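Start counting the sequence shown at 1; every next residue gets the next number (my numbering).
By construction, the Cβ of each residue, glycine as well, lies at the ideal position given by its N, Cα and C atoms.
Just so it is clear, the structure is predicted and the values come from calculations on it, not from any experiment.
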Amino acid sequence: MMYSIFDIFKIGIGPSSSHTVAPMKAAKDFIDSFNPKLIDDIDKIDIELYGSLAFTGKGHNIQNGLILGLLGYTPESVDSDIIQEISLMLDNQYLNISSNKRISFDCDSNIILNKGGTDDLDEPNRMTFAAYDLNNNAIKTAEYVSVGGGFISKKGESIEVDDYDFLYPFSSCDELLDICGKNNLSIHELVLKNEQRICSKNEVYEKIFKIWDTMDRCIERGLKTKGVLSGGLNLKRRAPEIYEKLKQNKEKDDLLVVDWVNLYAMAVNEENASGGQVVTAPTNGAAGIIPAVVRYYLEFVSKSNIDGLRKFFLTSGAIAILYKKNASISGAEVGCQGEVGVACSMAAAGLVSALGGSNKEIENSAEIAMEHNLGLTCDPIKGLVQIPCIERNAMGAIKAINAARIAMLGGGDHMVSLDEVIKTMMDTGKDMQNIYKETSKGGLAVNVTEC
């Protein structure tokens, strides 16, 4: 299976790609499977959630994602007016599943949280849908798995990703580098040639710009939107206050760039935590790292240009594909090393590419970034994508920049390959206890007193 970089970079809503976006897609796929006659027969829909979805789904606003999907919405089509519309439906306990079909729906009774444990589940983010008629007879059932990054599968089969006929398919970083060497290509050139099997070069560039524009607008909203994040932690948005302080700071300080990068990452993830529009990169929980590093490149690198921006996304997308194919980008499967760790690795590689680095330097930077995220747990307090997630994106962005600089100063020479560190990440994730994999049953989630 080969992926397009635009399977990785997807516009959606917060706070979680695995717990909000993927359930929305699954719910939409389920409701779309009914013909008009069967829709009319539906009296009730029950949804049962397992594993991490059951333990932290509520904190991730999974109910909003499921309902939006049942109403036929896609992640990229959602705006604030729609959220207000579903709030009204929830208050009155009904859903309009078609233009002339309304059913009763109560989140507390129709969304069932099966917290029987995760150790016996091969797929930790499983959800089942069942529609019933007036006599409580099952009309149709379906089972889905959220596999990370907003991707879903249905009974083990992908239902949303095409198997592209790429010019240069690759399954490992060694193979990617070998193909590049034999064809005298940089990584970004190879990815562009692959994407051109789907659409024209100009269309690829337009898609990249749309992704970046969405990220950039997310930063700007995060810089200006004040208030307290919902969910019960009473966590104040910090980005607007930090932004004002940095604008007023006239002192000469070579490390001010660090403050700006921190700010941009936090702005995105505060927006994500509030359910705003973000881009999976590769997940929502890690959505602030790449925008922050791209802003660093555009604002603090004197020779930055649009060509570098394109290289950044083409290259970082290739790195994400390697993790998606050979490991995981799901916090529920491998912990936060699969989210922030992968985003950090992607951003480091993208930055090296934008700066004109070699393929070996790109590999080295991606490897360094992941090597120093190995073992990173996913233990969000109260199941919310807030603590430690928001600050963790800031730390991940800085680490990505540092990894890029170390790799370029070393000329790409290194002992540990990216393939080896990807395998290590997956092995570490398998060995990690489930209490540290997005269940909020261990780590910070149980040791920090909720305020």
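So, using beta-carbon positions, are residue 497 and residue 313 closer together than 8 Å?
-> Here the chain has residues from 1 to 451 only, and residue 497 is not among them.
Would you call residue 250 buried or exposed, if buried means 16 or more other Cβ atoms sit within 10 Å of its Cβ?
-> exposed
Bounding residues of the beta strand (DSSP E) (the contiguous stretch that carries residue 127) | 126-132
For residue 128, which residues from the same chain have a beta carbon less than 6 Å from its beta carbon, with the 5 sequence-adjacent residues on both sides left out?
-> 48 and 143
When every heavy atom of the ligand NAP is checked, does at least one fall within less than 7 Å of the C-beta of residue 300?
-> Looking at this structure, you won't find the ligand NAP or any other ligand, since it has none at all.
Whether residue 101 touches residue 40 by CB criterion (8 Å) | yes
Segment limits, beta strand (DSSP E) that includes residue 102 = 101-104
Are the region 285-294 and the region 264-272 in contact at 8 Å, needing three or more beta carbon pairs?
-> yes
Out of curiosity, what's the CA-to-CA distance linking residue 358 and residue 176?
-> 13 Å
Hey, quick one: how far does the beta strand (DSSP E) through residue 112 stretch, first residue to last?
-> 111-114
Measure the C-alpha to C-alpha separation of residue 225 and residue 272 and round it to an integer number of angstroms.
-> 12 Å
Taking DSSP as the reference, what is the three-state secondary structure of residue 387?
-> coil
If you follow the alpha helix (DSSP H) that residue 418 is part of, which residue opens it and which one closes it?
-> 418-431
Range covered by the beta strand (DSSP E) that runs through residue 44 | 44-50
So, helix, strand or coil for residue 242, using DSSP?
-> helix
Mind checking who residue 138 pairs with in its DSSP beta bridge?
-> 132
Nearest-angstrom Cα separation, counted from residue 107 out to residue 116 | 19 Å
Cβ neighbour criterion (16 or more within 10 Å) applied to residue 167 = exposed
With 16 other CB atoms within 10 Å as the buried threshold, where does residue 396 fall?
-> buried
Which term fits residue 455, buried or exposed, when burial requires 16 or more other beta carbons within 10 angstroms of its beta carbon?
-> Residue numbering for the chain in the displayed model covers 1 to 451; residue 455 lies beyond these limits and cannot be assessed.
Unbroken beta strand (DSSP E) run spanning residue 277, endpoints | 277-280
Below 8 Å on the Cβ atoms is my guess for residue 97 versus residue 42; work out the distance and round it to an integer in Å.
-> 7 Å
Beta-carbon separation of residue 13 and residue 248 under 8 Å?
-> no
Excluding five sequence neighbours on each side, which residues of the same chain lie with their C-beta closer than 7 Å to the C-beta of residue 72?
-> 28 and 31
Where the beta strand (DSSP E) through residue 98 begins and ends | 94-98
Go ahead and pull the three-state DSSP assignment for residue 228.
-> strand
Evaluate residue 329 with the Cβ neighbour count: other Cβ atoms within 10 Å of its Cβ, from every protein chain shown; 16 or more gives buried, anything less gives exposed.
-> buried
According to DSSP, residues forming a beta bridge with residue 151 = 148
Quick one, which of 384, 269, 9 and 434 has its alpha-carbon nearest residue 234's?
-> 384
Given that a residue counts as buried once 16 or more other Cβ atoms are within 10 Å of its Cβ, and exposed if not, what is residue 283?
-> buried
Residue 12, enclosing beta strand (DSSP E) - first and last residue | 10-13
N- and C-terminal bounds of the alpha helix (DSSP H) containing residue 261 | 256-273
Would you say residue 529 and residue 11 are within 8 Å of each other, going by their C-beta atoms?
-> The shown model of the chain, from 1 to 451, leaves out residue 529, and the question about it has no answer.
Of all the options 417, 326 and 390, which has the alpha carbon lying nearest to the alpha carbon of residue 365?
-> 417
Which ranges would you report for the beta strand (DSSP E) in the region 181-209 if only whole runs of at least 3 residues count?
-> none
Look at the alpha carbon of residue 69 and the alpha carbon of residue 219, and state the distance between them as a whole number of angstroms.
-> 26 Å
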